[in-house]
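Asker:
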Amino acid sequence: MNIFKITGKFLDQPILVAKLEKQVPYILTAGGAAYTGYATKKATKEEKLKTFQRTGLTMFFTILSALAAPKIANKLFQKTNPRLNEIKKQQKEIIEQFTNNNKLDKKTSELLTKAKNKVLNFSEIKKIYSSNIDKVFLDKLIPAPENITSKEIFSEIGRLSTLGFIPVIGGITGGIIGDYATTANWKENIPNKIKEGTYQYLANIFLCNIGAGTALAILEKAGVKSKAYRAIGMITGILATGVIGGSAIANFISNKLLNPIFGEKSKKGLYNERKPEALDIGLHVDDIATVAVMSGLKWIEPALPIMYAISGYRAGIGYRNVNNCKEKKES
């Protein structure tokens, strides 16, 4: 087995995935606290308290919604993820059933005993998968990634899009509450939050999921089973609908629909509303995660709330390129 497959097996260990999922709240909380501290430190002496309150409230609601999103999305789309204790119980049963019926050398036996309730390191995974252990058992121990079927594709698009939508709504809510607590003209900042939320959701989340899912549906119908070709197809779909078309569509909606609603004048140029920036391109790393999830890789999914929380926070501050609404409208 080559190094890439061994790496995949290492990352897809059910116990490791469950432990990663349990660490996400701590990672998000630490990141939110660190950024709030950074923003507060950077603010002027007169604005430090307001900055702390405003940033802290926006972060709080963004993180809270990002953590709640997987549970809500999974419930809506009837997907269940077993808990760590359940996974350990399953691992123990699988391993004991195999070891009781097969004679193993001491080292392999020790590794399988460890695998009942602990994560194996890379070299240990390599040793097990380089041995003569029954491959059927190994696939039970660490299940291989499964390509989703055509029937599952659009359900998965809906689930992932819901997973991204909730932090955006949470960020906008937190941003409005933060402004209300610190700014007299807080209502003036709401349009930018709605427009940035629209931009983040359409350009960085929803349309990318649509592009990946549509490409996958076409490949599924064409009978393409190769994971490499499916990944290339999904990335192409993401580039077409999200990276290239997403920002244009989001700007068009903001310019032609949202600006009139909020009593603002339409901008002449399409990208005078919101220009894509380096961080926006960087945020498309979550689209690679989408490809991974749709390809059946389990280890990446716990990180999705972290990635989507960035979009939620940007919506919460009403980011409009360098013209951050809070930098423009403080009082």
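Okay, so the sequence shown: first residue is 8 according to my numbering, each after it adds one. Quick reminder that beta carbons are idealized off the backbone N, C-alpha and C, glycines included.
Check each candidate in L264, D186, P21 and N216 and name the one with the smallest Cα separation from Q98.
Answerer: Within the sequence shown, residue 98 is the residue found at index 91, counting from 1. The residue with the shortest Cα to Cα distance from Q98 is P21.
Asker: Could you give the DSSP three-state label for R166: helix, strand or coil?
Answerer: Sequence index remark: in the sequence shown, residue 166 carries index 159 (1-based). The answer is helix: DSSP assigns R166 an H, G or I state.
Asker: Mind reading off the beta-carbon distance from G171 to I212? Whole number of angstroms is fine, and I expect it under 8 Å.
Answerer: Indexing the sequence shown from 1 puts residue 171 at position 164. Indexing the sequence shown from 1 puts residue 212 at position 205. The pair is a contact, with the Cβ atoms about 4 Å apart (cut-off 8 Å).
Asker: Is the CB-CB distance between L265 and P198 below 9 Å?
Answerer: The sequence position of residue 265 within the sequence shown is 258, counting from 1. The sequence position of residue 198 within the sequence shown is 191, counting from 1. Yes, the pair counts as a contact, with Cβ atoms nearer than the cut-off.
Asker: Counting Cβ pairs, one atom from each stretch, are 3 or more of them under 8 Å apart for the stretch 9-26 and the stretch 297-310?
Answerer: With the cut-off at 8 Å, the stretch 9-26 and the stretch 297-310 touch.
Asker: Excluding the 5 residues preceding and the 5 following G253 in the sequence, name in chain order all residues of the same chain whose CB lies nearer than 6 Å to its CB.
Answerer: Your numbering for residue 253 matches position 246 in the sequence shown. Result list for G253: L209, A210 and L214, in chain order.
Asker: Locate the alpha helix (DSSP H) running through T115, then write down its first and last residues.
Answerer: Taking the first residue of the sequence shown as 1, we reach residue 115 at position 108. K113 to A122 is the extent of the alpha helix (DSSP H) around T115.
Asker: Determine the direct distance from the alpha carbon of E284 to that of N331, and round the result to whole angstroms.
Answerer: The sequence position of residue 331 within the sequence shown is 324, counting from 1. The sequence position of residue 284 within the sequence shown is 277, counting from 1. Low local confidence applies: a pLDDT of 48 at N331 is under 50, so the model's placement there is unreliable, with the coordinate-based value given in what follows. Distance between the alpha carbons of N331 and E284: 14 Å.
Asker: I'd like to know whether the C-beta atoms of K234 and P150 end up nearer to each other than 9 Å.
Answerer: Here residue 234 refers to the residue found at position 227 when the sequence shown is read from its first residue. Here residue 150 refers to the residue found at position 143 when the sequence shown is read from its first residue. No, the Cβ-Cβ distance between K234 and P150 is not below 9 Å.
Asker: For A238 versus V298, is the C-beta distance shorter than 9 Å?
Answerer: The sequence position of residue 238 within the sequence shown is 231, counting from 1. The sequence position of residue 298 within the sequence shown is 291, counting from 1. Closer than 9 Å, so yes.
Asker: Alpha carbon to alpha carbon, how far is K48 from E117?
Answerer: Working through the sequence shown from its first residue, we reach residue 48 at position 41. Working through the sequence shown from its first residue, we reach residue 117 at position 110. K48 and E117: Cα-Cα distance of roughly 51 Å.
Asker: Less than 7 Å between C-beta atoms, sequence neighbours within five positions excluded: which residues of the same chain meet that for P77?
Answerer: In the sequence shown, counting from the first residue as 1, residue 77 sits at position 70. Taken in chain order, the residues that qualify are L170 and P312.
Asker: Which word fits E163, buried or exposed, when buried means at least 16 other C-beta atoms lie within 10 angstroms of its C-beta?
Answerer: Translated into positions along the sequence shown, residue 163 becomes position 156. By the neighbour-count rule (16 or more Cβ atoms within 10 Å), E163 is buried.
Asker: Exposed or buried, which one is T43 when buried takes at least 16 other CB atoms within 10 Å?
Answerer: The sequence position of residue 43 within the sequence shown is 36, counting from 1. It counts as buried.
Asker: Within 10 angstroms of the Cβ of L83, are there 16 or more other Cβ atoms? Answer buried if so, exposed if not.
Answerer: The residue given as residue 83 occupies position 76 in the sequence shown. With fewer than 16 other Cβ atoms within 10 Å, it is exposed.
Asker: Is the beta carbon of K134 closer than 9 Å to that of T115?
Answerer: In the sequence shown, counting from the first residue as 1, residue 115 sits at position 108. In the sequence shown, counting from the first residue as 1, residue 134 sits at position 127. Cβ distance < 9 Å, so T115 and K134 count as in contact.
Asker: Considering only C-alpha positions, which residue in the set K96, K147 and D112 is nearest to N124?
Answerer: Sequence index remark: in the sequence shown, residue 124 carries index 117 (1-based). The residue with the shortest Cα to Cα distance from N124 is K96.
Asker: Go to R129, then tell me how far its alpha helix (DSSP H) extends in each direction, as first and last residue.
Answerer: Here residue 129 is taken as the residue at index 122 of the sequence shown, counted from 1. Looking at the sequence provided, one finds Phe at residue 129 rather than Arg. Per DSSP, F129 belongs to the alpha helix (DSSP H) from F129 to S137.
Asker: With G325 and E159 assumed to form a contact (beta carbons below 8 Å), what rounded beta-carbon distance in angstroms separates them?
Answerer: Looking up residue 325 in the sequence shown gives position 318. Looking up residue 159 in the sequence shown gives position 152. About 36 Å; that fails the 8 Å criterion.
Asker: Quick one: what does DSSP say P21 is sitting in, helix, strand or coil?
Answerer: For the purposes of this step, residue 21 is identified with residue 14 of the sequence shown, where counting begins at 1. P21: helix per DSSP, three-state reduction.
Asker: Going by DSSP in three states, P89 sits in which element: helix, strand or coil?
Answerer: Within the sequence shown, the letter at position 82 stands for residue 89. Reduced to three states, the DSSP call for P89 is coil.
Asker: In the DSSP assignment, find the alpha helix (DSSP H) that holds S72 and state where it starts and stops.
Answerer: Stepping through the sequence shown from its first residue, residue 72 is reached at position 65. Start and end: K55 to L83.
Asker: Alpha carbon to alpha carbon, what distance is there between T205 and N216?
Answerer: If you number the sequence shown from 1, residue 216 lands on position 209. If you number the sequence shown from 1, residue 205 lands on position 198. Their backbone Cα atoms lie some 15 Å apart in a straight line.
Asker: For F105, name the three-state secondary structure that DSSP assigns.
Answerer: Stepping through the sequence shown from its first residue, residue 105 is reached at position 98. If DSSP states are grouped into helix, strand and coil, F105 belongs with the helices.
Asker: Tell me which same chain residues have a C-beta within less than 6 Å of the C-beta of L342, skipping the five on either side of it?
Answerer: Since the first residue of the chain shown is 8 and the last is 338, residue 342 is not available in this structure.
Asker: With K200 as the anchor, note down where its alpha helix (DSSP H) starts and where it stops.
Answerer: Within the sequence shown, residue 200 is the residue found at index 193, counting from 1. Unbroken alpha helix (DSSP H) run through K200: I197 to Y208.
Asker: What do you reckon, are the CB atoms on G178 and T69 nearer than 9 Å?
Answerer: Within the sequence shown, the letter at position 171 stands for residue 178. Within the sequence shown, the letter at position 62 stands for residue 69. Taking 9 Å as the Cβ cut-off, G178 and T69 qualify as a contacting pair.
Asker: How is L188 classed by DSSP in three states: helix, strand or coil?
Answerer: Taking the sequence shown and counting its residues from 1, the one referred to as residue 188 is at position 181. A small correction: the amino acid at residue 188 is Ala; Leu does not occupy that position in the sequence shown. The answer is helix: DSSP assigns A188 an H, G or I state.
Asker: Rounded to whole angstroms, what's the CA-CA distance from G270 to P89? Just pull it up for me.
Answerer: The count along the sequence shown starts at 1 and reaches residue 270 at position 263. The count along the sequence shown starts at 1 and reaches residue 89 at position 82. If you take the alpha carbons of G270 and P89, they lie about 49 Å apart.
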